[in-house]
Amino acid sequence: MTLNFAVGFVIAAMLLLIIWALKGVLLTPVRTGDNTEIVIGLNLHGHEPALEQTLRGLLWLRENGTLKANIRIMAHGSDEETRHIARHYEAEYRCIYYTEEDQDNG
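Residue numbers (the working numbering): 5 to 110.
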């Protein structure tokens with residue numbers, strides 16, 4: 005009985021590993037050529053309290069290899085807190101670019 009349990013556990017673990025690997029392959033974005041760059045654009049308007057969670061999620065996808073893209077943040081009239089978060093992440097990660105546009109000009 006213990007042997008059946010152990011064999012069943014090993015088979016279930018192997019199945020989970022295979023499913024996990026397939027999930028990673030299915031979530032991998034389109035392959036790019038040597039002269040192609042994928043950029044995710046975030047357009048911010050005013051106060052954005054969820055910016056940090058959005059950036060953390062995108063960075064997690066980038067760091068585990070699922071999403072091979074740079075992140076461009078374009079702010080239109082953002083507040084000081086949003087600006088601080090965006091600038092902090094831009095300084096910490098080389099894949100994040102932050103630009104600001106005046107609300108009157110943009």
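Just so it is clear, CB atoms sit at the ideal spot from N, CA and C, and this is done for glycine as well.
C-alpha gap between residue i and residue j, whole angstroms
i: T86; j: E104; result: 11 Å
i: I77; j: G37; result: 24 Å
i: I97; j: A16; result: Position check: residue 97 holds Tyr in this sequence, whereas Ile was assumed. Answer to the nearest angstrom: the Cα atoms are 38 Å apart.
i: A95; j: R35; result: 28 Å
i: N109; j: N39; result: Any answer about N109 is weak, because its pLDDT of 49 lies below 50 and its placement is not dependable; what the coordinates show is given next. Rounded to whole angstroms, N109 to N39 spans 32 Å at the Cα level.
DSSP-derived helix/strand/coil call for residue i
i: M5; result: coil
i: R60; result: helix
i: I42; result: coil
i: H49; result: strand
i: G110; result: With a pLDDT of 46 at G110, under the threshold of 50, the predicted position of this residue should be treated as unreliable, and no value is reported.
i: R76; result: strand
i: Y93; result: helix
i: T36; result: coil
i: T86; result: helix
Test item: CB-CB of residue i and residue j under 9 Å
i: S82; j: E52; result: yes
i: A79; j: L48; result: yes
i: I44; j: A73; result: yes
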